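Q:
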Amino acid sequence: MRKSGAVLITMSLLAALFAGCSGSGKKPEETAATSTPGASAGAASPSPAKTLTPLTVEIDRWYPSTVDFPAPEKNVLLQQIKKDLNIDLKYTITGGKSDDWRAKLGTRVSANDLPDVIYFFNMADYRTASSQGYVIPLNDLFNDKNLPENMKWVTPAMLNSMTDDNGNYYGIPVRPSPAILGYFIRKDWLDALNLKVPETVEDFAKVAAAFATQDPDKNGKNDTYGFTASGCMTCQDYWGLIAPFTGNISPDEYIADGDTAIKGGFTSPELRAYLQYMNKLMKDGVLDPDIATNDGNRKTQKIEQGQAGIFMYTGDYPRGIEANMKKLNPNAELVYVPALTGPAGKASPAPKAGVANAIGITLKAAKDPEKVKRIIEMINWSYGGIGQELMLFGEEGVNHKKTNGKVSEIIDGKQNDYLSVYGLTGGISTLFGDPDVLKLKYKDPKEMAVIEKMIASVGKVSSVYSIGAKERPDLMNDIKKYREEMMAKFIYGTVSTDDAGWNEYVKTHNEKYKGNQVREAMMNDLKKAGVIK
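Numbering (full-length UniProt numbering), first residue to last: 1 to 533.
1. How would you write the range of the alpha helix (DSSP H) that Trp153 sits in, first residue to last?
2. According to the Cβ coordinates, are Phe227 and Tyr277 closer than 8 Å?
3. Cα-Cα, which of Val207, Val461, Arg374 and Cys232 is closest to Pro148?
4. Reducing DSSP to helix, strand and coil, say where Ile310 ends up.
5. Using 8 Å as the threshold, is the segment 250-261 in touch with the segment 183-199, meaning 3 or more CB pairs across them?
6. Looking at the strands, I want to know which residues DSSP matches up with Asp60.
7. What residues are listed by DSSP as bridge partners for His400?
8. Within the same chain, show all residues whose beta-carbon is closer than 8 Å to that of Asp288, passing over the 5 residues directly before and after it, in chain order.
9. Among residues of its own chain, excluding the 5 on either side of Met391, which ones have a beta-carbon nearer than 6 Å to its beta-carbon?
10. For Asn150, is the classification buried or exposed, using 16 other Cβ atoms within 10 angstroms of its Cβ as the cut-off for buried?
11. Determine the contact status of Gly342 and Val201, defining contact as a CB-CB distance below 8 Å.
12. Since Thr362 sits in a beta bridge, which residues does DSSP pair it with?
13. On the CB-based measure, 16 or more other CB atoms within 10 Å of its CB, does Tyr513 come out buried or exposed?
14. Is Leu431 near the ligand NAP, judged by its Cβ being under 7 Å from some heavy atom?
15. Which of helix, strand or coil does DSSP assign to Thr425?
16. Keeping to the same chain, check which residues put their C-beta closer than 7 Å to that of residue 545; ignore five residues upstream and five downstream.
17. In angstroms, rounded to a whole number, what distance separates the CA positions of Phe393 and Ile386?
18. Between which residues of its own chain and Thr285 is the CB-CB distance below 6 Å, once the five residues before and five after are set aside?
19. Expressed to the nearest angstrom, what Euclidean distance is found between the alpha-carbon atoms of Asp99 and Cys235?
20. List, from N- to C-terminal side, the beta strand (DSSP E) runs of 3 residues or more that fit wholly inside the segment 479-512.
21. Within 10 angstroms of its Cβ, does Ala347 collect 16 or more other Cβ (buried), or is it exposed?
22. Roughly how many angstroms lie between the CA atoms of Asn122 and Ala358, to the nearest whole one?
23. If you draw a straight line from the C-alpha of Arg472 to the C-alpha of Ile479, how long is it?
24. Within the continuous alpha helix (DSSP H) that includes Gly247, where are the two ends?
25. Pick out whichever of Pro435, Met454, Val506 and Met523 has its Cα sitting closest to the Cα of Ile180.
26. What does the alpha-carbon distance come out to for the pair Ser110 and Arg102?
27. Confirm, please, whether the CB-CB distance from Thr267 to Val506 is below 8 Å.
28. Among the candidates Tyr465, Gly515, Ile428 and Val464, whose CA atom is the shortest distance from the CA of Arg175?
29. Checking 8 Å against the spacing of the C-beta atoms, do Asn524 and Thr128 come in under that value?
30. Asp444 to Asp412, Cα distance in whole Å?
31. CB-CB under 8 Å to Leu440, same chain, minus the five flanking residues each way: which ones, in chain order?
32. Have a look at Met81 and Asn75 and give me their C-alpha separation to the nearest angstrom.
33. What's the gap between the Cα of Pro349 and the Cα of Leu438?
34. What is the DSSP secondary structure of Ala256, counted as helix, strand or coil?
35. Glu447 and Tyr317: beta carbons closer than 8 Å?
36. Does Asp188 pass the burial test, meaning 16 or more other C-beta atoms within 10 Å, or should it be called exposed?
Dropping the structure here:
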């Protein structure tokens, strides 16, 4: 499918859609902030469902782990959407590795079997979809002049960060949130070996090695590793180790706050040093040998069963993992590992807040102007009133309790897990700027202290792809696969990081996989955006 087709279809929709999607016309900066839990301010005002044509909307997305969902007849969120918007909302969810989702979505695209909506969990996949033309441009349907009532937080800068070379954007941003992620470590293992929480990458290596070789659980077996992770060798599980070497959470080029110098990159000596560090840990038996093949479920299983002592956790405090660990070992205890210090200094594993997720509307949905209009209404519904309450807090009496009509307590348990999968709003962490939400979510002072540390430790560098550079799929798709493949080979030691091995990698990266062209395009983008001269 060609992008021009998507543009033509969208242009034909404008007359039918523009009035239905228009708002107050105020700039985002002039509007009020999101209301606190349980408040009715900002609630959507959908038309009565009985006056709306019944529609079925399918959302396709990836989620890293398996989640149990309420039975359809007990799913109050889907029932409320049908009641308010007359939408029969269906989710198609692929678990496990993100590459499995990409393969399935690619098959659907090839077979012209598109969903109506795609939830992009990262912006690289969003840009791939926009370049391939199966999601539609939304400039005229959703912009800072006609934002829906509950989405006044969207800024022109957010939309601009999603544009292609022609100034078009093909998705609706998900509300940014502070990055909630960090390493956790078995405190009971530290105590058993008389060790302290690591503060540097050298400490990390020593502690992880001790976990792998000194029987920290005292079961008399050689059955533990220092660190485990799931798949993708440049993704979140590794950010807290990459950053102390390169200065940035990912190997991508970056610019530090208050600076104009571009640093880092996939051929940088700093990344080479990180890979040499990881390769030594692998050779020494410190790392789980399955880090490249684990999916999220397998990683969690290994942690809960006491097979690894250090891991990355994202989006929340790992209370569920800790509870399951205690079922096998009542003495099991987790503690947070603050940002590690390395050659690049003390470097946070948490990125600066920005547009990290997007919602795309496909060519299939675009055939029906009413459906496109209703999808935008549904996203707006999710950010206010009963919609936001259900998306973030679920059902009263099952997921939360209320006092005087407001959410006052979250009921702990696995019954809440599906909310993260269904959520179109970025989750409860998007409201963590409100102290009342933090208190609601984290009643345990230990958990609250950790989350506050995570929020306070957000990094002070920006990837070039978040400040003006475009990830062009025609240049990036092949080189990204090559980079990921080579990161694994360097860490596992199937390719050496000695001078010969590294020089051959750099040459192949820059010539065969067009790394030089990628960098040239990046530099031109940054100049156009006024980031560099």
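We put the beta carbon where it would ideally sit given N, CA and C, even for glycine. Here the structure is a predicted model, which means the values were calculated and not measured.
A: On the basis of the data shown:
1. Against the sequence shown, residue 153 aligns to sequence position 153. Segment: none, Trp153 is in no alpha helix (DSSP H) and carries neither H nor E.
2. Here the question's residue 227 lines up with position 227 in the sequence shown. Here the question's residue 277 lines up with position 277 in the sequence shown. Their beta carbons are not under 8 Å apart, which means Phe227 does not touch Tyr277 by this criterion.
3. In the sequence shown, residue 148 corresponds to position 148, counting from 1. Arg374 is the residue among Val207, Val461, Arg374 and Cys232 whose C-alpha sits nearest the C-alpha of Pro148.
4. As a first step, residue 310 must be located in the sequence shown, where it is residue number 310. Looking at Ile310 - three-state DSSP - the assignment turns out to be strand.
5. With the cut-off at 8 Å, the segment 250-261 and the segment 183-199 do not touch.
6. Counting from one through the sequence shown, the residue named residue 60 turns up at place 60. Looking at the DSSP output, Asp60 shares a beta bridge with Thr92 and Ile118.
7. For the purposes of this step, residue 400 is taken as the residue at position 400 of the sequence shown. Note: His400 sits in a beta bridge opposite Glu396 and Ile410.
8. Locating residue 288 in the sequence shown gives position 288, counting from the first residue. Close CB contacts of Asp288 within its chain, under the 8 Å cut and outside five residues either way in sequence, are with Tyr225, Phe227, Thr228, Ala229, Asn294, Lys302, Gln307 and Ala308 (chain order).
9. Numbered from 1 along the sequence shown, position 391 holds the residue referred to as residue 391. If we look at Met391 and ignore the five residues flanking it on each side, its Cβ neighbours are Ser382, Gly423 and Thr425.
10. Start at 1 with the first residue of the sequence shown, and residue 150 comes out as number 150. Asn150 is classed as buried because its beta carbon has at least 16 other beta carbons within 10 Å across all chains shown.
11. Walking along the sequence shown from the start, residue 342 turns up at place 342. Walking along the sequence shown from the start, residue 201 turns up at place 201. Contact: yes.
12. One-based indexing of the sequence shown puts residue 362 at position 362. Answer is Val135.
13. What you label residue 513 is simply residue 513 of the sequence shown in a count that begins at 1. Label assigned to Tyr513: buried.
14. This structure simply doesn't include the ligand NAP, nor any ligand for that matter.
15. Locating residue 425 in the sequence shown gives position 425, where the first residue counts as 1. Residue state, collapsed to three classes: coil.
16. The structure shown has nothing for residue 545, since the chain only spans 1 to 533.
17. Along the sequence shown, one-based indexing puts residue 393 at 393. Along the sequence shown, one-based indexing puts residue 386 at 386. Answer to the nearest angstrom: the Cα atoms are 10 Å apart.
18. The count along the sequence shown starts at 1 and reaches residue 285 at position 285. Inspection of the sequence shows that residue 285 is occupied by Gly rather than by Thr. Counting only Cβ-Cβ distances below 6 Å, and skipping sequence neighbours, we find Ala212.
19. Taking the first residue of the sequence shown as position 1, residue 99 is located at position 99. Taking the first residue of the sequence shown as position 1, residue 235 is located at position 235. Annotation: Asp99 to Cys235 spans about 13 Å, alpha carbon to alpha carbon.
20. Complete beta strand (DSSP E) runs here, min 3: none at all.
21. Counting from one through the sequence shown, the residue named residue 347 turns up at place 347. Residue environment analysis places Ala347 among the buried positions, since at least 16 neighbouring C-beta atoms fall within 10 angstroms of its C-beta.
22. As a first step, residue 122 must be located in the sequence shown, where it is residue number 122. As a first step, residue 358 must be located in the sequence shown, where it is residue number 358. Cα to Cα, the separation comes out at about 7 Å.
23. Position 472 of the sequence shown, counting from 1, holds the residue named residue 472. Position 479 of the sequence shown, counting from 1, holds the residue named residue 479. Roughly 11 Å between the two C-alpha positions.
24. Locating residue 247 in the sequence shown gives position 247, counting from the first residue. Segment: none, Gly247 is in no alpha helix (DSSP H) and carries neither H nor E.
25. Here residue 180 is taken as the residue at index 180 of the sequence shown, counted from 1. The alpha carbon of Ile180 has as its nearest neighbour, out of Pro435, Met454, Val506 and Met523, the alpha carbon of Met454.
26. For the purposes of this step, residue 110 is identified with residue 110 of the sequence shown, where counting begins at 1. For the purposes of this step, residue 102 is identified with residue 102 of the sequence shown, where counting begins at 1. Looking at the two C-alpha atoms, the distance is approximately 12 Å.
27. One-based indexing of the sequence shown puts residue 506 at position 506. One-based indexing of the sequence shown puts residue 267 at position 267. Yes, Cβ-Cβ distance for Val506 and Thr267 is below 8 Å.
28. Your numbering for residue 175 matches position 175 in the sequence shown. Selected option, being the one with the closest Cα: Ile428.
29. Within the sequence shown, the letter at position 524 stands for residue 524. Within the sequence shown, the letter at position 128 stands for residue 128. The Cβ atoms of Asn524 and Thr128 do not sit closer than 8 Å to each other.
30. As a position in the sequence shown, residue 444 is number 444, starting the count at 1. As a position in the sequence shown, residue 412 is number 412, starting the count at 1. Spanning the two alpha carbons is a distance of roughly 12 Å.
31. One-based indexing of the sequence shown puts residue 440 at position 440. So the list reads Pro37, Val407, Ser408, Glu409 and Ile410, once near-sequence residues are dropped.
32. In the sequence shown, counting from the first residue as 1, residue 81 sits at position 81. In the sequence shown, counting from the first residue as 1, residue 75 sits at position 75. Sequence inspection shows Ile at residue 81; the Met mentioned does not correspond to that position. A straight-line Cα-Cα distance of about 10 Å links Ile81 and Asn75.
33. Numbered from 1 along the sequence shown, position 349 holds the residue referred to as residue 349. Numbered from 1 along the sequence shown, position 438 holds the residue referred to as residue 438. Cα to Cα, Pro349 sits roughly 21 Å from Leu438.
34. In the sequence shown, the residue the question calls residue 256 occupies position 256. The answer is strand: DSSP assigns Ala256 an E or B state.
35. Start at 1 with the first residue of the sequence shown, and residue 447 comes out as number 447. Start at 1 with the first residue of the sequence shown, and residue 317 comes out as number 317. Judged by beta-carbon spacing, Tyr317 lies within the 8 Å limit of Glu447, meaning their Cβ atoms are closer than that value.
36. Numbered from its first residue, the sequence shown carries residue 188 at position 188. Buried is the call here.
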